[in-house]
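Okay, structure first, notes after.
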Amino acid sequence: MPNDAVTVSHRDGVAVITMDNPPVNGLGAAVRNGLRAALEEAARDDTVRALVVTGAGRMFSGGADIREFGQPPPPDVPWLPELINQLEASEKPVVAAIHGVALGGGCEVALGCHVRLATPDTRIGLPEVTLGLLPGAGGTQRMPRLVGVPAALDLIVSGTPVSAAKAAAIGLVDEVVEGDVVEAAVARARALADEGAPIRRTSALEDRLAEARGTPEIFAEFRQSMARRARGFEAPYACVDCVEAAVSQPFADGLAFERARFQELVTSDQSKAQRHAFFAEREVSKIPDVPKDTPAATVAAAAVVGCGTMGGGIAMNFVNAGIPVTVFEVSQAALDTGMAVIRKNYAATVSKGRLTETAMEERLARITTTLDYGDLAEADVVIEAVFEDMALKKEVFGALDAACKPPAILATNTSTLDVNEIASATSRPDKVIGTHFFSPANVMRLMENVRGDRTSPETIATIMTLSKRLGKIGVLVGVCDGFVGNRMLYAYRRQADFLLEEGALPHHVDRVLYDFGLPMGPFAMADLAGLDVGWRIRQGQAATRPKHLRYSTIADRICEMGRFGQKTGAGWYRYEAGSRTPIPDPAIEELIVSISREHGTTRRKIGDQEILERCMYPLVNEGAKILDEGIALRASDIDVIWMNGYGFPRYRGGPMFWADQVGVTTIHDAMRRLHDEHGDWLEPAPLLARLASEGTAFGDL
Ligand code: 3H9
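Everything in the sequence shown is counted per my numbering, starting at 1357 for the first residue and increasing by one.
So this is what it looks like as structure tokens:
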């Protein structure tokens, strides 16, 4: 037996080599050593006529051990690419028996085998690009040889795994087998040995490359087509370069090219950030006082109160996950409008070919509508998504408390209001929790799950499990104004407005933040979201607003002009009819200049770097306060919120990870300077000051 991580059994002349490295059969040092020993032994052993490679437990392999990247390579352990070359070079036929997933290096191991069999539930692919990497163990060279260049580019650059059926259709697996895949692979391996037919090595296949050689423009076109999706990312472009090298260079040279590009990426800041994102998204499910064995209730039926934009999107999430949902509204007209929007959303997906008509009808059939709270009695979870008004929410929760069965969880989709106060309207505060979805709720992956003072561990466990089931990333946060995401957003927005008063213009600020990697800057974003909601909230806060804190009136003045953003054709920008392209508007520039004049401010030239620091450092500073107050459990949770809810560029790893890269001391010093210059909102957070004085970072907490 080679070692604990790789076992070998013999079945009538076939050596079955099994990777056994829970939880995902990652191809760490022990597995690589074990595989090398197993291959050498099988080559030497005359009783072995063929080989099968497979994985123990739930899957074939989840790929290279990501935790090894950035560490010095262990001595005397083969590199994965060498090992796969050795596997492919075997004189005895090798069959891969794939089940569960074969991802990244796991898929590359399969590509090195001579035949690939997979169970129907297998997902197979090369997700390295999502880690800021490229398939670095021959994947960029073997995949196009096997499936052709267009399919290989899709797989490698999207990083999205495909089903066994799709893999078979494109030639990535040779056969999908029902039943015991290892048995089938053993039989196939034995048959290949019996036939003595020539071995089909992927690296030697040429036909599919020849097709691409006739259409060299395919690469330029592909780069162009991915430009929007890949904006700011390095890895997708490196992936395309490598596939191009597969076409233009001999296999060995292509492999060397791939290796060099992989080395560049694995040491890049982008990949470090994207690997951080990978682990951060898994860390969120670990909650110290809600251990993994906390019982979570079964959610067999759900309800949503309110069928506006958010309520409708939330209802879609449930039925997409196969959970029937009852939607409550106060009038038939509201229900009809809401259901029409849901139908329209599904129809758009159908027209893009991403959903069948039948599946759409099935999903719609799982939605029941009602005007009667009594019809929510059987729901296991109810999500309230009514207008952001405390009195209204309390009224709804009182009604839900009376109508719903005692074990039902009552959740609120509030984005700012106090979950404890909402819970006080019920007799079951332990079963009240916030579930803050992001718009559009059927698309955005983030759920900020807000625990109140009395929310029970079981309620938290149920909602965190439910988030996963809905295909979301649930991050647990505590109660405060705006929770984690919006509270930090206010800090950033505020400075963006002050920058305008001091000398900048909206399109300048937006351009700097877009270039930083955000999907859009704060002003374009405000126009998209609509300016009127914030205006109404600010009017409500006028009486309690602390007088010593600076307040920018520009947004209010724009609203007074009847400009509410894209929906009125004008806001911070103006819009041509039917277009969403923001056009800088001289009327707004005039307004901004006049407001500076009213304040007696001499407008000055403001540079890109100042804009970036003025917006981003206060955002990080607010994140530090949130951490200190225990509103977020970890700095990395804040990163997950910003990457999944606000489009913070994944290649920067989220604001707190980015802050560590910039340097906590640099940010602290800048905040002190900004506080001296501009006062009020810019006082450095105590945690930031502490980390700076200790010379530590958010990542060390
Ligand atoms: C690569 O292969 C490079 C090569 O091309 C070239 C090399 C030269 N490594 O997600 P889960 C941990 S790059 C280390 O909750 P699931 C994970 O952190 C790799 N650790 O399970 C978690 O730990 P913990 C390309 C890993 O069942 C635990 O395993 N491959 C790795 O929901 C369970 O994970 C990928 O990008 C890893 N590769 O999903 C695939 N994978 O319990 C990445 C997982 O301490 N992995 N862990 O929190 C996945 O997509 C999913 O984990 C998988 C299982 C679908 C496999």
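Idealized CB from N, CA, C, for every residue including glycine.
Can you tell me whether residue i is buried or exposed? The criterion is at least 16 other CB atoms within 10 Å of its CB, across all chains shown.
i	result
L1748	exposed
E1484	buried
A1758	exposed
F1928	Note that residue 1928 is Trp in the sequence shown, not Phe. The residue is buried, with at least 16 neighbouring Cβ atoms inside 10 Å.
R2029	exposed
M1672	buried
F1743	exposed
A1568	buried
K1648	exposed
L1855	buried
P1429	exposed
L1727	exposed
H2024	buried
Q1922	buried
F1635	exposed
E1946	exposed
From the DSSP output, which residues share a beta bridge with residue i?
i	result
A1474	I1454, V1532
L1766	V1738, V1788
L1407	A1371, V1450
H1366	A1371
S1783	In the DSSP output, where bridge partners are listed per residue, S1783 has none listed.
N1359	V1362
I1698	Per DSSP, none; premise fails for I1698.
V1833	V1806, A1988
S1795	Answer is none; S1795 lacks a bridge partner.
V1660	V1683, I1739
S2049	According to DSSP, S2049 bridges with nothing at all.
S1519	R1479
Compare the beta carbon distance of residue i and residue j with 8 Å and say whether it is the shorter of the two.
i	j	result
Q1520	G1461	The identity of residue 1520 in the sequence shown is Ala, whereas the question assumes Gln. No, they are not a contact pair.
Q1626	E1590	yes
L1968	F2054	no
R1472	A1452	yes
V1675	R1722	yes
N1381	G1411	yes
L1832	N1805	yes
H1904	D2036	yes
L1395	L1436	no
F1578	V1596	yes
P1762	Y1848	no
R1801	A1779	no
D1941	R1959	no
E1858	I1962	yes
A1741	I1670	yes
A1549	R1405	yes
A1385	V1433	yes
G1504	Q1630	no
Let me know the secondary structure DSSP gives residue i once reduced to three states.
i	result
N1776	helix
N1805	strand
A2041	coil
F1872	helix
R2028	helix
F1879	helix
A1393	helix
I1962	coil
N1650	Note that residue 1650 corresponds to Thr in the displayed sequence, not to Asn. In the structure shown, T1650 sits in coil (DSSP, three-state: anything other than H, G, I, E or B).
A1733	coil
I1643	strand
A1860	coil
V1683	strand
I1555	coil
A1420	coil
L1459	strand
V1840	coil
G1921	strand
G1481	strand
T1957	coil
T2062	No answer is possible for residue 2062: the residues shown for the chain start at 1357 and end at 2057.
T1571	coil
A1703	helix
A1926	strand
Item to check | For review: beta carbons within less than 6 Å of any heavy atom in ligand 1 | outcome: P1379, V1380, G1382, G1418, G1419, A1420, D1421, I1422, R1423, L1436, V1457, L1459, G1460, G1461, E1464, P1483, E1484, L1487, L1489, P1491, G1492, A1493, G1495, F1635, R1638
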